[in-house]
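Q: Going by this note's numbering, the first residue of the sequence shown is number -1, and it counts up by one from there.
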Amino acid sequence: MKYKNTYQQGFTLIELMIVVAIIGILAAVAIPSYRAYVAESHGGAAMKGINPYVSQSQVCVDTGVGCTELNAVTDAALTLASVSESAAAATVTYAEGSCTVVATVTSATVTYTATSGTAGGATAAQCQAGAGL
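Spelled out as structure tokens, the structure:
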């Protein structure tokens, strides 16, 4: 008499349901953390993007040198206001993703503020934390 080998292969339904539940729990925890991480990274990127222009603005406000070159910069994320040889202060705005960093440059100080932009996705607190403010 011949035995027919009939071993079952594969996963049972309960095993598959357990795996799906575990993946769902991990996703419920990981996705909000990932979104917060990305939101804060926009603040950091905006701060890194604005720094070279702030340095140039300080030189422009203090000495009047380099203002023409600074105003000739074409960066879609950058907005310059009051950057001239005769200005007592300059305002530099840099938008990155959902965060905007504004630097107000005077001859003695630089004041930074970070806010959430119009694109949404980040709170003002997340933008400030990412920018280090």
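For glycine and all other residues, C-beta sits at the position ideal for the given N, C-alpha and C. This one's a predicted model, so the numbers in the text were calculated from it and none came from an experiment.
Determine the direct distance from the alpha carbon of residue 41 to that of residue 128, and round the result to whole angstroms.
A: Using only the alpha carbons, I get a separation of about 4 Å.
Q: I'd like to confirm the pairing. Which residues does DSSP put opposite residue 92 in its beta bridges?
A: DSSP output for residue 92 lists 76, 99 as bridge partner(s).
Q: Can you tell me where the alpha helix (DSSP H) with residue 35 in it begins and where it stops?
A: Looking at the DSSP string, the run of the alpha helix (DSSP H) that includes residue 35 is 11 to 61.
Q: If you draw a straight line from the C-alpha of residue 94 to the C-alpha of residue 83, how long is it?
A: Computed Cα separation, rounded: 28 Å.
Q: Return the chain-ordered list of same chain residues with a C-beta closer than 6 Å to the C-beta of residue 120, the five sequence neighbours on each side being excluded.
A: For residue 120, where only same-chain residues beyond five positions count, the Cβ hits under 6 Å are 37, 40, 96, 97, 114.
Q: For the region 76 to 92 against the region 50 to 62, are there 3 or more C-beta pairs whose distance is under 8 Å?
A: At 8 Å Cβ cutoff, the stretches touch.
Q: How many Å lie between residue 85 and residue 56 at the Cα?
A: Spanning the two alpha carbons is a distance of roughly 11 Å.
Q: So, are the CB atoms of residue 89 and residue 100 less than 8 Å apart?
A: Taking 8 Å as the Cβ cut-off, residue 89 and residue 100 qualify as a contacting pair.
Q: Which same chain residues end up closer than 7 Å to residue 132 when comparing Cβ atoms and leaving out the 5 residues on each side of it in sequence?
A: For the chain, the structure presents residues -1 to 131; residue 132 sits outside this window and is missing.
Q: Could you check whether residue 59 and residue 18 sit closer than 8 Å to each other, using their CB atoms as the reference points?
A: Against a cut-off of 8 Å, the Cβ pair of residue 59 and residue 18 comes out as no contact.
Q: Measure the Cβ-Cβ separation of residue 110 and residue 47 and say whether it is below 8 Å.
A: No, Cβ-Cβ distance for residue 110 and residue 47 is not below 8 Å.
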